[in-house]
Amino acid sequence: MTTAALPIFPAAVAGAPTARPRWERPALAGLLIATAALLLWDLGASGYANSFYSAAVQAGSESWKAFFFGSSDAGNSITVDKPPAALWPMMLSVRLFGLGSWQILVPQALMGVATTGVLYASVRRQFGPGAALLSGAAFALTPVAALMFRFNNPDALLTLLLTVTVYCLLRALEGAQTRWLLWAGAAVGFAFLTKTLQAFVILPPLAVLYAVCAPTGLRRRLGQLLLAGGAMAVAGGWWVAVVELWPASSRPYIGGSQNNSFLELTLGYNGLGRINGNETGSVGGGAGGPGGGGGRWGESGIDRLFSGNIGGQISWLLPAALVLLVAGLVITWRARRATDSVDGMARAAFLAWGGSLLITAVVFSYMQGIFHEYYTVALAPFVAALIGMGVAVLWEERGSAAAAVTLSGTLALTAVWSYVLLGRATGYLPWLRWAVLVGGLLAAVALPFAGRAGRQVLRATAGLGVAAALAGPFAYCLTTVSTGHTGSIVTAGPAVAGGRGGPGGMMGGPGGPGGFGELRQGGQGGQGVPGGQGVPGGGPQPGGALPQGAVPPGQGPGGTPGADGRGAERAGGFPGGMTGGGPGGGAGGLLNGARVSAEAKAALTADADTYTWAAAAIGSQNAASYQLATGVPVMPVGGFNGSDPSPTLEQFKQYVRDGKIHWFIGQGGSGTAAGAGEDGARRGGGGPGGPGGGTSSEIENWVKATYKESTVGGATFYDLTAPTS
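Structure below.
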């Protein structure tokens, strides 16, 4: 490959200003505007999305202490199961503009636009604006990205920071620039404060790449890496140090841990437990789980990312990305080791993005613990970068028979795989499935010969190929953004036969009859539950009725004006006892929180200012629903859904004696706690789920024996200021 063969600006590698074609700025503006429009379209349809995190956002907007620690409630009883970096932008937004769906979710959407921009900037430096536009479009049209940048889980910020990390690493490689390597380390450190050890997954290939390829001496390379490690430790460690040194008696309990330790949470439940499945207090996978392999979280193995629901989230362009990674490395392998040449930087880009893709894909494929489809959003920028870069390299080398055949074969492979993925959703746009297949194969066959017919024919053929490759994921994206998504477990696109919306075994096995296989958020729930009635999550039902628990448009959940709360308090489309009619959300609160009646709101808000917590409820999702509906602190006993030993029975009794809690909200006789964290992965407080499970049971049994039960708006309430005797 020669320098002139690629659409590269050699001056950019040297850091000098470069000329831009006149069409580039309008095209980039169009890409970013289109991405923003896609992510902001009807954003309020998801209401409070994952109410577990929305409740923490509400708490942080009321209390700076809750802001710093990421507490679930403004009373600071317990934190969420992750460090709070992902919550901070949402908390600031709510502090500035008030509580509502848009105020919570707009920062997430803007992160998606920012990720597209960073990806564009990185690919453009070595491969030109055409490749960068293709990469940006491929990323924006990844279905799982369209989902997670409209949702309030930590994965949105994590994906942005991982993209920034690769960009900074490549900038550092251009001239062995220490400052850019420090910025890369800082980005990883802040990513650690977003989703702990997942931030470190891409470090091995990036560190090795810099150590081998940076254009400077070995001693300086190693010294720079040590400095970057220091920057990472400072950026990610300052908050950890404060939390660990802060007296435990005056800070909230560390949610998700069994010993009130963030380090334990990081190394256990959020760390090695995700790899080996040994997650204390969790219903996660492991060798003992049904189905083997990945246990309750699906079969692990090399094909995991291509199977079931997961394939439709991320794998549309994944086979092409792998082929283009190999092709790009073969073409650029003639470059010297150092990256002080254009070809060398092109190869380094393939190694950086490709290495990040491969190691993340391997970890996702074989992890035995909790795994959800939406985790794969972390792969989206890696796949998209390789698509743009690989197509650019092969396009410029298409005079070679090998390059032309590889480009055509990659397009044909993508068309066939899109045909397969579209076929998994029964009855979903059958015409599109065939159009993608026929159009993609026609373009693949014609591409090697189109140049002989003139430039216009060549461009038309290439355009047909791009359209065929992106049509499938684009359709999935439109389905995703036109539907509300709520609860702990969400997926993009239409319902897929054999898909998995959560852990199997709750109601049948994964994808089996009565299981979560047919359960989908946003209008496709309930099919797998006998007698279940799926509730469209995005808006009114036929006849003008709103979804269960929904708030009329124009009014936020809990009466907050100005927010569209549709679907925010929906029970999840389960029948009878599963929705509980009262506090329990879908699958005992696993998929969503409680429905809150007007009577319950009135009871909780009466004299709420005289209490630290207006109420206590077992499970974070259950407590979150009441907190979001009323705007007053509600203590989530046991954390996620009852398995954390917080508070202890003695602590709870002392809170009651001190007059800090007014109400205790019962579980409506369901026998399981109603709540789940980001992973929806812990057992209810009354069940056998982990060391803390008995604590919430003890508290509930003591309350039942000591205080009179009453029914408030269909929910079971106990007035903790009025004992039975």
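Letter by letter, the sequence shown follows residues 0 to 724 in numbering that gives the first Met the number 0.
Idealized CB from N, CA, C, for every residue including glycine.
All values derive from a computational prediction rather than experimental measurement.
Asked: Counterpart residues of I660 in DSSP-defined beta bridges; Found: W612
Asked: For A206 and M388, the rounded distance between their alpha carbons; Found: 21 Å
Asked: Contact under 8 Å by Cβ, L160 with Y209; Found: no
Asked: Continuous beta strand (DSSP E) stretch holding A721: start and end; Found: A714 to P722
Asked: E568, buried or exposed, once every other Cβ within 10 Å from all chains shown has been counted against 16; Found: Because the pLDDT at E568 is just 31, under 50, the model does not fix this residue reliably, and the value given afterwards should be weighed accordingly. Burial call: buried.
Asked: Exposure of G254, with buried meaning 16 or more beta-carbon neighbours within 10 Å; Found: buried
Asked: Proximity winner among L157, V631 and P214, relative to G174 (alpha-carbon distances); Found: P214
Asked: Where Y166 falls: helix, strand or coil (DSSP); Found: helix
Asked: Proximal residues to E23 (C-beta, below 8 Å), its chain only, five neighbours per side dropped; Found: P128
Asked: Validate contact between the stretch 100-107 and the stretch 139-158 using beta carbons, cut 8 Å, 3 pairs; Found: yes
Asked: Residues sharing a beta bridge with E708, DSSP; Found: Y717
Asked: C-alpha distance - L262 paired with A65, whole-angstrom precision; Found: 19 Å
Asked: Helix, strand or coil at M366 [DSSP, three-state]; Found: coil
Asked: T413 beta carbon less than 8 Å from that of I309; Found: no
Asked: Backbone secondary structure at V56 - three-state DSSP; Found: helix
Asked: Residue nearest to G636 in terms of C-alpha spacing, selected from R273, I77 and A326; Found: Reading off the sequence, residue 636 comes out as Val, not Gly. When each option's Cα is compared against that of V636, the closest is I77.
Asked: Which of helix, strand or coil DSSP assigns to I77; Found: strand
Asked: Best match in V112, C476, V711 and F663 for proximity to V702 [C-alpha to C-alpha]; Found: F663
Asked: Span separating the alpha-carbon of Y373 from that of G665; Found: 32 Å
Asked: P635, enclosing beta strand (DSSP E) - first and last residue; Found: V633 to V636
Asked: Option in L217, G422 and L356 with minimal Cα separation from C471; Found: For the record, residue 471 in the displayed sequence is Gly; it is not Cys. With distances taken between Cα atoms, G471 lies closest to G422.
Asked: Sufficient close CB pairs (3 or more, under 8 Å) joining the stretch 322-329 to the stretch 434-453; Found: no
Asked: Three-pair Cβ contact test at 8 Å for the stretch 621-635 versus the stretch 594-609; Found: yes
Asked: Inter-stretch contact at 8 Å, needing at least 3 Cβ pairs: the stretch 340-353 / the stretch 442-457; Found: no
Asked: V495 vs G300 beta-carbon contact at 8 Å; Found: no
Asked: Start and end residues, alpha helix (DSSP H) containing F191; Found: T177 to K194
Asked: Complete alpha helix (DSSP H) runs within the stretch 383-413 (minimum length 4 residues, chain order); Found: none
Asked: Contact set for T694: own chain, Cβ-Cβ below 7 Å, skip 5 residues either direction; Found: G637, P644, T647 and L648
Asked: I617, DSSP secondary structure in three states; Found: strand
Asked: Helix, strand or coil at S70 according to DSSP, with G and I counted as helix; Found: strand
Asked: Cutoff 8 Å; reference T195; Cβ partners in own chain excluding five residues on either side; Found: K81, P82, L264, T265, N269 and G270
Asked: For R656, the nearest candidate out of V633, Y706 and S619 (CA to CA); Found: Y706
Asked: For T723, the nearest candidate out of A33, E708 and G713 (CA to CA); Found: E708
Asked: At least three beta-carbon pairs within less than 8 Å, the stretch 216-235 to the stretch 601-620; Found: no
Asked: Candidates T490, S399 and A467, of which the one nearest F448 by Cα; Found: S399
Asked: R594 versus S624 - alpha carbon distance; Found: 7 Å
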